[in-house]
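Residue numbers for the sequence shown follow the UniProt record's numbering, beginning at 1 and rising by one. Virtual Cβ for every residue (Gly too), placed ideally from N, Cα, C.
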Amino acid sequence: MFSKKENDIKPVIRNISTNTNITYIAEDCELKGSLVSSGNIRIDGKLEGTVEVGGDLIIGQSASVKANISAATATITGVVCGNIKVGDLLELSPTSRLYGDITAKQLKIDQGAIFVGTSSIVSDSIDHRDDASPEKKS
Numbered sequence: 001m002f003s004k005k006e007n008d009i010k011p012v013i014r015n016i017s018t019n020t021n022i023t024y025i026a027e028d029c030e031l032k033g034s035l036v037s038s039g040n041i042r043i044d045g046k047l048e049g050t051v052e053v054g055g056d057l058i059i060g061q062s063a064s065v066k067a068n069i070s071a072a073t074a075t076i077t078g079v080v081c082g083n084i085k086v087g088d089l090l091e092l093s094p095t096s097r098l099y100g101d102i103t104a105k106q107l108k109i110d111q112g113a114i115f116v117g118t119s120s121i122v123s124d125s126i127d128h129r130d131d132a133s134p135e136k137k138s
């Protein structure tokens with residue numbers, strides 16, 4: 001009644017790129033200090049310090065980040081307090097709250113997102129590793 005024939009089970013096939021390594025900070029994690037990665041990072045927990053990402057940065061809806069951030073691209077759905085430099089696209093989703101200044105090549109702010117600060121759109125790709133110190137420059 002509950003048994004399946006071997007040929008009824010279909011394999012799951014996924015396309016896995018060679019550059020899909022993701023560093024994950026879970027919702028129940030708290031991190032203080034510098035987080036540096038040449039790959040991709042997803043943050044769902046709490047982080048205080050600096051973040052330097054050579055790849056994609058995702059800040060999840062449950063995340064609370066107090067840091068100056070630099071990344072190649074970034075998608076924010078949680079809370080960020082600090083300045084952010086993005087070499088290409090920065091996306092602020094409807095649930096995001098960003099309190100700080102933005103420097104990016106492209107900026108997408110969805111309806112409902114909260115952004116308090118200034119934004120600078122640059123025409124060329126910026127070096128996203130410059131100025132990732134936690135102190136705000138005057």
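| Asked | Found |
| --- | --- |
| Output the distance between the C-alpha atoms of SER93 and GLY55, rounded to the nearest integer angstrom. | 19 angstroms |
| Which residues share a DSSP beta bridge with GLU30? | LYS46 |
| Specify, as a first and last residue, the run of the beta strand (DSSP E) that ALA67 falls within. | 64–76 |
| Tell me which residues share the same chain as ARG14 and place their Cβ nearer than 7 angstroms to its Cβ, disregarding the 5 neighbours each side in the sequence. | Residue placement at ARG14 cannot be trusted, given a pLDDT of 37 that sits under 50; what the coordinates show is reported in the next sentence. Contacts found: none. |
| For the beta strand (DSSP E) that GLY87 lies in, which residues bound it at each end? | 84–92 |
| Which stretch, first to last residue, makes up the beta strand (DSSP E) that contains GLN111? | First-last for GLN111: undefined, no H or E at that position. |
| Tell me which residues share the same chain as ASN83 and place their Cβ nearer than 6 angstroms to its Cβ, disregarding the 5 neighbours each side in the sequence. | ASN68, GLY100, ASP101 |
| Tell me whether the beta-carbon of GLY87 lies closer than 8 angstroms to the beta-carbon of ALA72. | yes |
| Secondary structure at GLN61, three-state DSSP: helix, strand or coil? | coil |
| Using the C-alpha atoms, what's the distance from ILE114 back to VAL53? | 23 angstroms |
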